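Just below is one structure, and these are the notes that go with it.
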Amino acid sequence: MVLKFVDETGAASGNVDEVPVADAFQDDWPDSEPSDSGTVHTGATGTTATTLDASGLAIHPASAPPAIAVGPVQPPSPTDRFLMRDDDQVVSPVSGMPGFQHLTLAPADPIPAPMSMVVPFETDTEDPEVRAMRAKIYREKDVWPLESREEAMLFRHYVQKLSICLDVCDPDQSFETVVPPRAGTCKILLNAIFALAAKHLSNTASYDPYASDRYHQECLNTLIPILNHEHHTMSDENLFAATIILRMWEEMEVKHSGHDAHSYLLGIQAFVHHSVGGDGPPGTRYLMPGSLSGAAFWVGLRQEIYSAMMNQQPLRINLVHSLVDRMLVPTDDFGWANRACVHCADVLNFCFGDGGAVSRAGGLQWWTELDEYNRGWTASLPSSFTPIFYREPNREKGDVFPEVWYQSACHALGVQHHLLAELFLVSFDPKIPRIGGQRKEAAKRTNERIQNLVRRVCGIGLCNQWTPPSMFTAFGDQFQDRQDQEACMDILKRTEKDHARPTEAVQQQMMKSWDWTVSSEEI
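Per UniProt numbering, residue 1 is the first one in the sequence shown, and the count goes up by one each step.
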């Protein structure tokens with residue numbers, strides 16, 4: 001059985017130009033293959049096939065951390081055991097999350113030194129089931145060097161081309177420097193790397209589209225049986241990292257499946273729930289700064305944010321634990337970027353939680369606190385977040401979006417999530433008149449502000465290779481000018497081509513909201 005996902009985008013565009021693998025990834029390809037050979041690699045050992053083509057006071061919650069609620073079960077799913085059942089007595093993270101007015105200040109806990117995680121099940125055990133399970137996950141010796149040049153190419157493609165997308169807010173670059181060596185002994189991790197690399201190549205170039213499915217099936221063949229041992233598997237940060245990689249695979253798989261199963265998001269939520277709330281002190285020690293599990297949490301949070309934004313729903317990942325920082329005191333640039341992501345998640349939970357916080361008592365006060373934090377984040381940023389280059393668009397020359405260049409990925413991604421939070425705050429502003437003579441003028445001002453914010457988000461995405469530029473999609477329908485609309489469509493097509501993120505369904509939704517009459521063949 002195959003898991004599938006990404007941004008509820010639907011099937012892939014059939015009109016994206018395909019680039020021969022040998023031309024697009026010549027540095028990854030075996031030297032013996034001529035660029036014009038027409039041969040496409042399959043991902044199977046030694047085989048080929050021909051085909052076309054982000055000190056001071058710490059904020060501590062006054063109440064216990066809420067458990068996660070992952071929603072109704074939709075079997076059959078290979079990750080069905082990740083799901084929380086009705087008898088688990090879980091609560092919504094939104095309804096259980098206190099507003100900022102309920103948070104108290106306490107001296108900051110000392111930040112522990114980076115933890116060297118021990119590979120699970122290393123200790124001797126007489127439990128035959130645990131020993132058998134460990135044998136399914138780990139090898140006694142690493143696999144280096146790989147026997148297959150094809151798999152070596154896929155591994156290198158992950159390290160050189162894909163890990164950067166996962167490490168944008170990680171100073172330790174864990175998915176580039178920690179994950180690869182661990183994959184030498186962790187079977188699921190290695191196959192997840194192969195599956196993701198093959199999926200990316202098949203979506204962006206003429207690579208065997210079935211190779212990724214074979215590696216993904218190998219992951220499932222190992223993953224499904226060991227889910228009976230949740231107490232052990234949910235404390236394994238290598239499996240957590242593999243789930244993050246497979247979630248990225250699931251996002252790209254929408255191109256072929258036409259829908260997002262969200263299966264690995266459920267797994268990510270379960271890992272975080274287990275590590276910070278499900279098992280007391282041992283779990284709390286598991287999710288630590290400087291650990292692979294900590295790095296995986298931040299990637300999983302960003303993946304959850306994108307899904308929540310596209311599906312207009314609250315996040316179901318636990319946001320009350322030691323890694324989450326909502327302060328505005330000085331920290332490093334990665335910390336500022338991660339704060340922006342947490343803030344964006346808080347805003348989405350406000351907007352979409354329990355039917356909309358705006359209509360609830362205290363909604364205005366909660367919105368005001370979020371808006372004040374949004375302004376405070378900007379005012380407190382270090383100078384390193386100043387763009388190294390900025391130029392307004394020249395519409396006479398056809399420019400729609402500003403050019404905004406940043407020093408590093410964490411700056412671009414942090415500002416983008418901050419702007420996304422501002423976009424939702426503006427859109428859900430409870431002070432906007434709903435009736436009366438001032439409603440129309442207020443709506444016009446709101447629309448103009450939203451358009452300006454969307455242009456900034458797009459400009460950052462287009463000028464910084466680390467982040468997909470299509471994060472504007474929840475607000476693209478606000479554009480009325482044809483030039484703006486065409487520029488948005490170009491971004492969606494570029495996202496699909498350059499980042500292997502399917503966007504055909506979003507394109508169709510945009511065109512419908514703009515009253516375009518374009519056939520699907522033109523996408």
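No residue lacks a Cβ here, since even glycine has one placed at the ideal position from N, Cα and C. Computed from a predicted structure; not experimentally measured.
Local conformation of residue i per DSSP, three classes
i	result
cysteine 463	helix
tryptophan 516	coil
residue 524	With the chain running from 1 to 523 in the structure shown, residue 524 is simply not present.
valine 404	strand
alanine 428	Checking the displayed sequence, the identity of residue 428 turns out to be phenylalanine instead of alanine. It is coil, neither helix nor strand.
valine 119	The pLDDT assigned to valine 119 is 47, lower than 50, so where the model puts this residue is not dependable, and the model offers no usable value.
threonine 233	helix
tryptophan 144	coil
leucine 196	helix
cysteine 169	coil
aspartate 346	helix
glutamate 253	coil
methionine 309	helix
proline 502	coil
glutamine 507	helix
methionine 489	helix
aspartate 213	helix
arginine 316	coil
arginine 445	helix
glutamine 478	helix
serine 322	coil
isoleucine 226	helix
asparagine 394	coil
Distance, residue j Cα to residue i Cα
i	j	result
tyrosine 207	serine 163	19 Å
serine 427	glutamine 451	11 Å
leucine 348	lysine 431	18 Å
alanine 505	lysine 493	11 Å
lysine 199	histidine 418	30 Å
tyrosine 210	tryptophan 144	25 Å
alanine 340	leucine 166	17 Å
glycine 267	methionine 248	13 Å
glutamate 251	glutamine 438	42 Å
glutamate 496	alanine 296	24 Å
methionine 310	glutamate 392	28 Å
arginine 302	alanine 337	11 Å
valine 404	glycine 459	6 Å
threonine 204	leucine 453	30 Å
aspartate 481	arginine 455	13 Å
valine 181	glutamine 508	Residue identity check: residue 181 is proline in the sequence provided, not valine. So the two alpha carbons sit approximately 42 Å from each other.
glycine 290	valine 159	20 Å
arginine 85	arginine 316	Residue confidence for arginine 85 is low, a pLDDT of 34 falling below 50, so the modelled location carries little weight and cannot support an answer.
phenylalanine 350	alanine 443	21 Å
lysine 141	glutamine 485	55 Å
methionine 511	aspartate 490	12 Å
aspartate 498	glutamine 465	9 Å
threonine 378	alanine 308	24 Å
leucine 265	asparagine 394	41 Å
Beta-ladder partner(s) of residue i, from DSSP
i	result
tyrosine 138	Cys186
tyrosine 373	DSSP, once it has assigned bridges, lists no residue as partnering tyrosine 373.
phenylalanine 389	Trp405
Option in the options with minimal Cα separation from residue i
i	options	result
arginine 214	Ala205, Thr204, Gly476 and Leu196	Leu196
tryptophan 223	Lys136, Ser384 and Pro330	Strictly speaking, residue 223 in this sequence is leucine, with tryptophan absent from that position. That would be Lys136, whose Cα lies nearest to the Cα of leucine 223.
phenylalanine 389	Val299, Ser408 and Glu372	Ser408
glutamine 365	Asn338, Pro382, Gln160 and Asp429	Asp429
glutamine 478	Thr517, Pro433 and Phe424	Phe424
glutamine 269	Asn318, Ala500, Gly353 and Asp515	Asn318
alanine 412	Arg395, Asn394 and Thr386	Thr386
valine 457	Cys488, His157, Glu151 and Leu146	Cys488
isoleucine 305	Thr233, Gly362, Leu420 and Thr204	Leu420
asparagine 447	Gly476, Leu462, Trp367 and Asp371	Gly476
proline 382	Thr331, Phe271, Pro180 and Ser235	Thr331
arginine 156	Lys141, Thr517, Ala183 and Trp514	Ala183
valine 342	Arg449, Gln416 and Ser291	Gln416
glutamine 483	Gly300, Trp514, Gln313 and Leu462	Trp514
valine 320	Leu190, Val272, Gly363 and Arg449	Val272
serine 235	Leu201, Ile193 and Ser293	Ser293
tryptophan 298	Arg445, Glu253, Ala345 and Thr503	Ala345
Is it true that the segment 315 to 330 meets the segment 385 to 400, where meeting means three or more beta-carbon pairs spaced less than 8 Å apart?
no
Contact the segment 214 to 221 vs the segment 233 to 241: 3+ CB pairs below 8 Å
no
Three or more C-beta pairs closer than 8 Å, one from the segment 130 to 145 and one from the segment 167 to 178: is that the case here?
no
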